[in-house]
Structures are given as C-alpha cells and as structure tokens.
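Residue numbers (this note's numbering): 79 to 356.
A virtual CB, placed ideally from N, CA and C, is assigned to each residue, including glycine.
Below you'll find the structure, written out as structure tokens, and then a few comments.
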C-alpha cells in the first residue's frame, strides 16, 4: 500500500512512521517534506504539493483550519481511500463525501502528542473498507487504542476535552504567581505540571483548537461566577461541582461521595490537613 501524507509536521511524520506502507510526503514547505521523509526513512519519498500522482491512500495531516481546503485539493490523488488526522472531524468528513464520494473515508484523531505515542485514537469510519482497515490494523499493531465514535460525538467532546481544558490550564498559567519552595499543595503541583506540559507545545495548535471548538467561554463564565460569589454561594457552587465529579469517584472507590472512610470521619487528608482551603 502506498500513502501520500499531505502535511509534514509532527503529526504527519508520526503517521508516516506508524503505518506499514510506502510513504510519500507533500507539504507547502518542500524542506519540511524532505525532513519528514528523512525522519521516517525506509525509502520514504517526497512529491510536489501540486502533483498529480495517485496513491492508494491520501492522508490529510494539515492544521485543522486548512483541512477542508486540503481535502478538496488532494482528493483526486486517492485511488482507494482518503483520511485525515487534523483533529476536527465534522468538516473534513463532509468535504470528503463531497470530493471523494466513491472512496473509503475516515477521520482519525490521535489524542496525544506524537512524542507521547502510542495512545488512544478516535476513529470515524464514514465509508469503511479493506484499505482503511489495513491502515487501522497497522496503527493498532503499534499499541494504539482505536476508539470508535461519530463526528458529532467527537467534536462535541472536544469542546470540553480540548477547548475548555486548555483554556482553564492556560488561564491558570497566566494568572498564577510564583510561590516559595515548600508552599506547594498537591492540587497546585498538579496544575503546575499541566501548565508546564501544555506550554511545551506549539502556540498555533492551541489557537487552532480554540478557533475550531467552543468551550473557553464556559470556563470564563464559570470563573466569573466563582469570583463574584459570596461565601454561601461559593459553598453551593462547590457542592454542585462535588455532586458532578465525586459521583463517579464514589462508584470507582466504593466509598460515599468518593471519599475514604477516614475522611468521612473527619480525619485530615494530605491535601487539606483537615481544611478544604485549597
């Protein structure tokens, strides 16, 4: 099987390594395509972005804001299947159905940074077939967990999983002041770790996510509600959050409200030392 990967960034390069196929890269930056080909090795080739050669599979690995345009430009280079790994599913799949109605079609979203592979990959098989299944089998053989979904389910979930989460972590990273060593609490350290991890990434990727998915406004609204709340209102908000999040923890732990027996009896835990203050 031969695969044309349109987009030679980190995700395109990861895909080139992960598939069991003859890979060719095309990119608006010819040097980036050459670098990706060198990184993948094994006689990986490059092709002009405006080329006309055809391939068994065309994979769109461009930023999500350019995915629809890339599908329209390169669908006619696919003989068997067209897929994307842009991170948003609805618009690219609609474009595939328009420009490649007779081909196998799928959208994949690796839910991890390439350097943290393998991991979970959300998969929508819009028009399944043997070519796409061969591709997916290769990804599974690399240790990835394929999670079947729909475009609507995925894109709705990304409003929370990505847009809202990133907005919350970035807001903390911008608002938090340095604290002296030894003053950290487990919750602070957890957020500090998330902020460090997130700011290792590429700003353009996070901007693309905020443009593609709603979610940040909900974080801003919630923060404003917390900031404006009086003591009684804050206790109510805290309880609403606990009811939402601790119900699952209670089920998993077998303890009431997700708390241990010692905590239910008023004994302090490591986070609060007996006071819910942080």
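inquiry  = According to DSSP, residue 185 sits in a beta bridge with which residue or residues?
reply    = Reading the chain shown from its first residue, position 107 is the one you call residue 185. Paired residue(s): 162 and 202.
request  = Could you check which residue in 167, 129, 276 and 185 has the C-alpha nearest to that of residue 151?
outcome  = Taking the chain shown and counting its residues from 1, one reaches residue 151 at position 73. Out of 167, 129, 276 and 185, the CA that lies nearest to the CA of residue 151 is found in 129.
ask   = In chain order, which alpha helix (DSSP H) runs of at least 4 residues are fully inside the stretch 237 to 264?
value = Given a length threshold of 4 residues, each whole run of the alpha helix (DSSP H) inside the stretch 237 to 264 is given here in chain order: 243 to 253.
message = Can you tell me whether residue 265 is buried or exposed? The criterion is at least 16 other CB atoms within 10 Å of its CB, across all chains shown.
response = The residue you call residue 265 lines up with position 187 of the chain shown. Exposure of residue 265 is indicated by the presence of fewer than 16 other C-beta atoms within 10 angstroms of its C-beta.
query = Which one or two residues does DSSP pair with residue 123 in a beta bridge?
reply = Here residue 123 refers to the residue found at position 45 when the chain shown is read from its first residue. In the DSSP secondary-structure assignment, residue 123 is bridged to 102.
Segment limits, beta strand (DSSP E) that includes residue 81 = As a position in the chain shown, residue 81 is number 3, starting the count at 1. 80 to 84 is the extent of the beta strand (DSSP E) around residue 81.
inquiry  = Distance check for residue 125 and residue 131, CA to CA, integer angstroms please.
reply    = As a position in the chain shown, residue 131 is number 53, starting the count at 1. As a position in the chain shown, residue 125 is number 47, starting the count at 1. Each residue's Cα considered, the two are about 8 Å apart.
ask   = Can you give the Cα-Cα distance for residue 356 and residue 263, rounded to whole angstroms?
value = For the purposes of this step, residue 356 is taken as the residue at position 278 of the chain shown. For the purposes of this step, residue 263 is taken as the residue at position 185 of the chain shown. Unreliable placement is indicated for residue 356, whose pLDDT of 35 sits below 50; no coordinate value is reported for it.
message = Please return the same chain residues whose Cβ sits closer than 6 Å to the Cβ of residue 190, not counting the five positions on each side in sequence.
response = Counting from one through the chain shown, the residue named residue 190 turns up at place 112. Closer than 6 Å at Cβ, skipping near neighbours: 197.
query = Grouping DSSP H, G and I as helix and E and B as strand, with all else coil, what is residue 128?
reply = Counting from 1 along the chain shown, the entry for residue 128 is found at position 50. Coil at residue 128, not helix or strand.
query = Just to confirm, are residue 105 and residue 167 a CB contact at a threshold of 7 Å?
reply = Position 27 of the chain shown, counted from the first residue, corresponds to residue 105. Position 89 of the chain shown, counted from the first residue, corresponds to residue 167. The Cβ atoms of residue 105 and residue 167 lie no closer than 7 Å to each other.
query = Would you call residue 81 buried or exposed, if buried means 16 or more other Cβ atoms sit within 10 Å of its Cβ?
reply = Stepping through the chain shown from its first residue, residue 81 is reached at position 3. With 16 or more Cβ atoms within 10 Å of its Cβ, residue 81 is classed as buried.
query = On the premise that residue 155 lies in contact with residue 140, defined as a C-beta separation below 8 Å, what is that separation, rounded to the nearest angstrom?
reply = What you label residue 140 is simply residue 62 of the chain shown in a count that begins at 1. What you label residue 155 is simply residue 77 of the chain shown in a count that begins at 1. Actually they are not in contact, since the Cβ atoms of residue 140 and residue 155 sit about 14 Å apart, beyond 8 Å.
key: Cβ contact (3+ pairs, closer than 8 Å) linking the stretch 166 to 180 and the stretch 230 to 249   = Contact holds: three or more Cβ-Cβ distances are below 8 Å.
ask   = For residue 195, which of 178, 186, 222 and 185 has the nearest alpha-carbon?
value = As a position in the chain shown, residue 195 is number 117, starting the count at 1. Nearest C-alpha to residue 195: 222.
inquiry  = Going by DSSP, what residue range makes up the alpha helix (DSSP H) through residue 149?
reply    = One-based indexing of the chain shown puts residue 149 at position 71. Looking at the DSSP string, the run of the alpha helix (DSSP H) that includes residue 149 is 145 to 152.
ask   = My guess is that residue 175 and residue 210 are in contact by the Cβ rule of under 8 Å, so how many angstroms apart are they, rounded?
value = As a first step, residue 175 must be located in the chain shown, where it is residue number 97. As a first step, residue 210 must be located in the chain shown, where it is residue number 132. About 15 Å separates the two Cβ atoms, so there is no contact after all.
message = Check whether the stretch 295 to 312 and the stretch 202 to 216 are in contact - that is, three or more C-beta pairs closer than 8 Å.
response = Taking a cut-off of 8 Å for Cβ pairs, the stretch 295 to 312 and the stretch 202 to 216 do not touch, as fewer than three such pairs fall below it.
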